[in-house]
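For the sequence shown, the residue numbers in the working numbering are 21 to 100.
Inspection log for the structure reproduced underneath, given as C-alpha cells.
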Amino acid sequence: MDSTPATPTQPEYLPHQQRVVTEKAELEEKLGKLRTFFNGSTYAEMADSQSGRDEQDRLQEQADIMDRYISILRDRIAAF
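Printed below as a string of C-alpha cells:
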C-alpha cells in the first residue's frame, strides 16, 4: 500500500474553460492593482476637485463591477 499522502491536483480544463480561468486570474490581478491605486496619493489628490471626485466615483464603480464579474466567473468555474 502506498503511504504517500495525496496531493491536490489542478483540474484539467477544456480550452474554453481554461480561458475563463485565465480571464478570472487576469481580472483579479487588475482589480488588485486598482485597489492598490485607491490607497495611493494620486487617488487621494483627486478629491481636490469636482472632476477628480467624479473620477473617483467612476473608478469605484469600475472596481465594484470588476468584483461582480469575478464572482460570476468563479461561479462558472465551479460549475465546470
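Glycine residues also receive a C-beta, built at the ideal position from the N, C-alpha and C atoms.
Assign Y33 to one of three DSSP states: helix, strand, or coil. Coil, per DSSP.
I'd like the list of long-range same chain contacts for M86, defined as Cβ closer than 8 Å, with 5 residues on each side in sequence excluded. So the list reads L47, K50, L51, L54, once near-sequence residues are dropped.
To which residues of the same chain is L100 closer than 6 Å at the C-beta, ignoring the five residues directly before and after it? For clarity, residue 100 is Phe in the given sequence; the question names Leu instead. Closer than 6 Å at Cβ, skipping near neighbours: Q37.
Measuring only the C-alpha atoms, how far is R73 from L34? A direct Cα-Cα distance of roughly 44 Å separates R73 from L34.
Alpha-carbon spacing of A45 relative to E81, whole angstroms: Annotation: A45 to E81 spans about 20 Å, alpha carbon to alpha carbon.
When DSSP labels each residue in this structure, what does A99 get in the three-state scheme? In the three-state scheme derived from DSSP, where H, G and I count as helix and E and B as strand, A99 is classed as coil.
Considering only C-alpha positions, which residue in the set D95, I92, L79, R94 is nearest to T56? Sorting D95, I92, L79, R94 by C-alpha distance to the C-alpha of T56 places L79 at the top.
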